[in-house]
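One structure below.
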Amino acid sequence: MNELSVLIHLLSKKEDITIIGSTKKEILNALNVKDKNKSIYFQNLIINASNYLEPLGLQIRFNPLNSYWYLSFDSETTEIISANPFEGNPRLAATLFCTLICCISSSGETTIQKIIEIRKKKGVIEDIKELKNLGFVIFDKNLNKVRLTPLIGYLLDLEKLFLKIALKMKN
Amino acid sequence: MEYQDVSIEINNLIEDIKNRVLSGEISLLDIELVPIFENLKDSLNIYNINKYSNTYKNAFQLLSQKFEELKIFLEYLDNKDTFLNYVKKNPMDTEITELLENCWKEPFTLNTLSLRFLEYSKDRLVTKKSEPLKIESIDKIRLKENFLLEIYDKKFTEQMNAFFDSIKGKLPCSYEEIFNNEDDQLKIFECFIYLLHLLQLGKLKYQKETNFLYL
Chain A
179 MNELSVLIHL LSKKEDITII GSTKKEILNA LNVKDKNKSI YFQNLIINAS NYLEPLGLQI
239 RFNPLNSYWY LSFDSETTEI ISANPFEGNP RLAATLFCTL ICCISSSGET TIQKIIEIRK
299 KKGVIEDIKE LKNLGFVIFD KNLNKVRLTP LIGYLLDLEK LFLKIALKMK N
Chain B
665 MEYQDVSIEI NNLIEDIKNR VLSGEISLLD IELVPIFENL KDSLNIYNIN KYSNTYKNAF
725 QLLSQKFEEL KIFLEYLDNK DTFLNYVKKN PMDTEITELL ENCWKEPFTL NTLSLRFLEY
785 SKDRLVTKKS EPLKIESIDK IRLKENFLLE IYDKKFTEQM NAFFDSIKGK LPCSYEEIFN
845 NEDDQLKIFE CFIYLLHLLQ LGKLKYQKET NFLYL
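So the protein sequences, as listed, match chains A and B.
Count along the first sequence from 1, then add 178; that gives the number in this note's numbering.
Count along the second sequence from 1, then add 664; that gives the number in this note's numbering.
Dropping the structure here:
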């Protein structure tokens, strides 16, 4: 069993719908890396593994919502398999987008009122409930709070999305 | 060394980029500067080094400006209100869908890829597989040397039948008459074996009382 096999296993394991892959700490523990240069070791490990996986149409990605490293299909392969989970439901995708922006703008948590105010559409509560059932948000009815689960971080390239918004706003 | 001078060409390109940026036609962030530096590096030699220093200076000025634009852009990105301002503009669902396009990705998960499975797969992969038993036919080799047990060209049955044909004319005759003309002990032994087989097969018969062989 070499370190690459262990790494691939740790990056491809799925505990539940919102937990895929492993954290840096878990990976270093599994590989028994304890020296003081472990961050450099980790960086090299990820780079080398990425080079190894690239020809297979896979890439190593980081989910900023839960700090997990995981395996993902590259953009070319993703185009072929149609990764959009909201295909044919742009309304729900738009509500999730607004929830995402609201959560990011207020330290990871927002309220239903805020989403309704931003979204300016009827049926936002139903959308939030549906998003909850799909595993994208956690909705606390009593406290009136909405939080994102890490799932959207796995399914959406947030970095690319924010760059696109920034460019759109700049222009 | 071949004399090559593309400094004027590169200077013109840099000037063109500068003009387009100043007119607002393009952003420096959209321009790849690597090809310019690659071109400069590849064509630089001792003959054109004097001319190239100025071109290098112009290219680095462009790079420096690009860094400045990047810094501004990163600061802009860091501002969370930018995204909030965008959704406050109440974009259409179709616009959001377009924005999300090409941003979707699919995680690769494989629950069967457990450590135990990987170890088992590795063991199976590295274990030397036993080759299935292969039966090969032995080629008959012709050698010049003489051996006591010589392998004949013809099959045993063919040899036996040839012997039978050779003695058929003599029958009925005594056992001794069969080998009368043969002096070679090995040949007599060989023919005796044929006789025994012919008797066993019933092609020949033997009368013990008269010591005669007959058909």
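Even for Gly, the Cβ is constructed at its ideal location relative to N, Cα and C.
All of these numbers come straight from a predicted model, not from anything done at the bench.
What residues from chain A crowd round residue i, counting only those whose CB sits closer than 7 Å?
{"i": "proline 771 of chain B", "result": "Ile198, Tyr248, Leu249, Ser250 and Tyr332"}
{"i": "leucine 692 of chain B", "result": "Correct list: empty, because the minimum Cβ distance to chain A is about 13 Å."}
{"i": "valine 751 of chain B", "result": "Cys276, Ile279 and Ile296"}
{"i": "asparagine 754 of chain B", "result": "Lys298"}
{"i": "isoleucine 713 of chain B", "result": "Here the premise fails: no neighbours, minimum Cβ distance about 36 Å."}
Could you work out which residues of chain A lie near residue i, taking near to mean beta carbons separated by less than 8 Å?
{"i": "tyrosine 784 of chain B", "result": "Chain A residues near tyrosine 784 of chain B: none, gap ~11 Å exceeds 8 Å."}
{"i": "aspartate 757 of chain B", "result": "Pro268, Arg269, Ala271 and Ala272"}
{"i": "isoleucine 674 of chain B", "result": "Correct list: empty, because the minimum Cβ distance to chain A is about 28 Å."}
So, using beta-carbon positions, are residue i and residue j closer together than 7 Å?
{"i": "threonine 289 of chain A", "j": "asparagine 322 of chain A", "result": "yes"}
{"i": "threonine 719 of chain B", "j": "asparagine 683 of chain B", "result": "no"}
{"i": "aspartate 335 of chain A", "j": "lysine 715 of chain B", "result": "no"}
{"i": "valine 751 of chain B", "j": "isoleucine 296 of chain A", "result": "yes"}
{"i": "leucine 236 of chain A", "j": "leucine 249 of chain A", "result": "yes"}
{"i": "isoleucine 880 of chain B", "j": "isoleucine 681 of chain B", "result": "Here chain B covers residues 665 to 879 and nothing more, so residue 880 of chain B does not appear."}
{"i": "arginine 239 of chain A", "j": "glutamate 287 of chain A", "result": "no"}
{"i": "leucine 863 of chain B", "j": "leucine 835 of chain B", "result": "no"}
{"i": "asparagine 262 of chain A", "j": "tyrosine 332 of chain A", "result": "no"}
{"i": "leucine 686 of chain B", "j": "glutamine 729 of chain B", "result": "no"}
{"i": "leucine 274 of chain A", "j": "phenylalanine 314 of chain A", "result": "yes"}
{"i": "glycine 199 of chain A", "j": "tyrosine 230 of chain A", "result": "no"}
{"i": "leucine 763 of chain B", "j": "lysine 342 of chain A", "result": "yes"}
{"i": "phenylalanine 731 of chain B", "j": "serine 190 of chain A", "result": "no"}
{"i": "isoleucine 303 of chain A", "j": "phenylalanine 317 of chain A", "result": "no"}
{"i": "asparagine 215 of chain A", "j": "proline 328 of chain A", "result": "no"}
{"i": "lysine 298 of chain A", "j": "asparagine 754 of chain B", "result": "yes"}
{"i": "isoleucine 842 of chain B", "j": "isoleucine 831 of chain B", "result": "yes"}
On the DSSP letters alone, give me the boundaries of the alpha helix (DSSP H) that residue i sits inside.
{"i": "threonine 289 of chain A", "result": "Element bounds for threonine 289 of chain A: not the alpha helix (DSSP H) but the beta strand (DSSP E), 287 to 289."}
{"i": "valine 211 of chain A", "result": "Counting along the chain, valine 211 of chain A falls outside any alpha helix (DSSP H), and DSSP gives it neither H nor E."}
{"i": "leucine 326 of chain A", "result": "Element bounds for leucine 326 of chain A: not the alpha helix (DSSP H) but the beta strand (DSSP E), 323 to 326."}
{"i": "aspartate 757 of chain B", "result": "757 to 764"}
{"i": "lysine 348 of chain A", "result": "336 to 348"}
Which bits of chain B does residue i rub up against, with CB to CB less than 8 Å?
{"i": "serine 283 of chain A", "result": "Lys744, Asp745, Phe747 and Leu748"}
{"i": "lysine 346 of chain A", "result": "Tyr750 and Leu763"}
{"i": "isoleucine 343 of chain A", "result": "Thr746, Phe747, Tyr750 and Leu763"}
List the endpoints of the continuous beta strand (DSSP E) containing residue i.
{"i": "tyrosine 711 of chain B", "result": "Looking at the DSSP string, tyrosine 711 of chain B is not in any beta strand (DSSP E), and its letter there is neither H nor E."}
{"i": "asparagine 703 of chain B", "result": "Looking at the DSSP string, asparagine 703 of chain B is not in any beta strand (DSSP E); the run it does join, the alpha helix (DSSP H), is 698 to 707."}
{"i": "serine 245 of chain A", "result": "Counting along the chain, serine 245 of chain A falls outside any beta strand (DSSP E), and DSSP gives it neither H nor E."}
{"i": "aspartate 669 of chain B", "result": "No beta strand (DSSP E) contains aspartate 669 of chain B, which DSSP labels as neither H nor E."}
{"i": "leucine 748 of chain B", "result": "Unbroken run through leucine 748 of chain B is the alpha helix (DSSP H), 745 to 752; no beta strand (DSSP E)."}
Report the residue from the options whose alpha carbon sits nearest the alpha carbon of residue i.
{"i": "serine 394 of chain A", "options": "B/Asp745, B/Asn703, B/Trp768 and B/Leu726", "result": "With chain A covering 179 to 349 only, the question about residue 394 of chain A has no answer from this structure."}
{"i": "phenylalanine 340 of chain A", "options": "B/Tyr720, B/Asn766 and B/Tyr858", "result": "B/Asn766"}
{"i": "phenylalanine 747 of chain B", "options": "A/Tyr332, A/Ile198 and A/Ile279", "result": "A/Ile279"}
{"i": "glutamate 308 of chain A", "options": "A/Arg269, A/Glu287 and A/Gly286", "result": "A/Arg269"}
{"i": "leucine 677 of chain B", "options": "B/Gly833, B/Pro699, B/Gly688 and B/Leu693", "result": "B/Pro699"}
{"i": "threonine 277 of chain A", "options": "A/Ile330, A/Glu257 and A/Glu265", "result": "A/Ile330"}
{"i": "glutamate 759 of chain B", "options": "A/Ala208, A/Lys346, A/Thr255 and A/Pro263", "result": "A/Lys346"}
{"i": "valine 670 of chain B", "options": "B/Leu859, B/Lys753 and B/Asp706", "result": "B/Asp706"}
{"i": "asparagine 222 of chain A", "options": "A/Thr255, A/Ile259 and A/Leu182", "result": "A/Leu182"}
Taking residue i as the query, report the chain A residues whose CB atoms sit under 9 Å from its CB, ordered along the chain.
{"i": "asparagine 718 of chain B", "result": "Chain A residues near asparagine 718 of chain B: none, gap ~33 Å exceeds 9 Å."}
{"i": "isoleucine 695 of chain B", "result": "Result: empty, since nearest Cβ-Cβ is about 15 Å, beyond 9 Å."}
{"i": "isoleucine 678 of chain B", "result": "Chain A residues near isoleucine 678 of chain B: none, gap ~24 Å exceeds 9 Å."}
Just to make sure I have the definition right: I need the residues of chain B whose C-beta is within less than 9 Å of the C-beta of residue i. Which are they?
{"i": "isoleucine 205 of chain A", "result": "The contacting residues do not exist; isoleucine 205 of chain A stays about 13 Å from chain B at best."}
I want to verify the contact list: residues of chain B whose CB lies under 7 Å from the CB of residue i, in sequence order.
{"i": "aspartate 335 of chain A", "result": "Cys767 and Lys769"}
{"i": "alanine 227 of chain A", "result": "Near alanine 227 of chain A there are no residues of chain B at all, since even the closest Cβ is about 13 Å away, more than 7 Å."}
{"i": "threonine 256 of chain A", "result": "Trp768, Lys769 and Glu770"}
Output, in sequence order along the chain, the residues in the segment 259 to 276 of chain A whose CB is closer than 7 Å to any CB in chain B. Ile259, Ala261, Asn262, Pro268, Arg269, Ala271, Ala272, Phe275 and Cys276
Report the residues of the segment 227 to 243 of chain A with a CB closer than 8 Å to any CB of chain B, ordered along the chain. Leu236 and Arg239
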